[in-house]
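Numbering follows numbering that gives the first Met the number 0, in which position 25 of the sequence shown is assigned residue number 24; successive positions increment by one, without gaps.
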Amino acid sequence: MPTAGVFLLSDVVPEPWWHRPLDKLTRSEWEALCDGCGRCCLAKIEPEDGEGVLFTRVACRLLDTETCRCLDYTHRLQAVPDCQDLNCDNIHEIDWLPSTCAYRLRREGKPLPDWHPLLSGDGESVHNAGISVRGRVIGEHHVHPDGLEEHIVHWVESGG
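Take a look at the structure:
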């Protein structure tokens, strides 16, 4: 509470909802936290040694590679059996999220980057910053399942 007529900005302007712990977000806030990069929708390979996950440039068949959004988000879990449902109950168990992922950043107590659409106010900022998969991926229908290793990329992990 302000004293002697002094008002602090924090007394007037509430902290943005995306600063709250992930388990305190509403469903719509949770969904809005996604930056729309499409990186989590890339095919992944688990190495035989069990160390980490390797990302490929092969996009899920439901990913619109221009908008980097799911074409059937509501039914994705039924349509794509290996689609991962990110939620506040499992977010602490998923260790393959890209370093730029808003869910990972917030899980680790880190701030969102300036290019995140919630901060920039522009849904194109994730693409303009070179974070999204736009222009960098191919659809899974172009790749034989045995040829996935030929499409391993490292820009996902590096944040570029």
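In this text, a Cβ means the ideal position worked out from N, Cα and C, and glycines have one as well.
Along the chain, which unbroken stretches of the beta strand (DSSP E) at least 3 residues long are found entirely within the segment 83–142? None, since the segment 83–142 contains no complete beta strand (DSSP E) of that length.
Which whole-angstrom value describes the C-beta separation of Ala58 and Gly122, a residue pair presumed to lie in contact below a C-beta threshold of 8 Å? The pair is not a contact, with the Cβ atoms about 19 Å apart (cut-off 8 Å).
What residues match up with Asp22 in a beta bridge as DSSP calls it? Beta-bridge annotation (DSSP): Asp22 is not paired with any residue.
Cα-Cα separation, Pro97 to Thr73: Pro97 and Thr73: Cα-Cα distance of roughly 23 Å.
Can the beta-carbon of Leu21 be found closer than 8 Å to that of Cys87? It is a contact, given that the beta carbons lie within the stated cut-off.
Where do the N-terminal and C-terminal ends of the alpha helix (DSSP H) with Leu70 fall, by residue? Taken as a continuous stretch (DSSP letters only), Leu70 belongs to no alpha helix (DSSP H), as it is neither H nor E.
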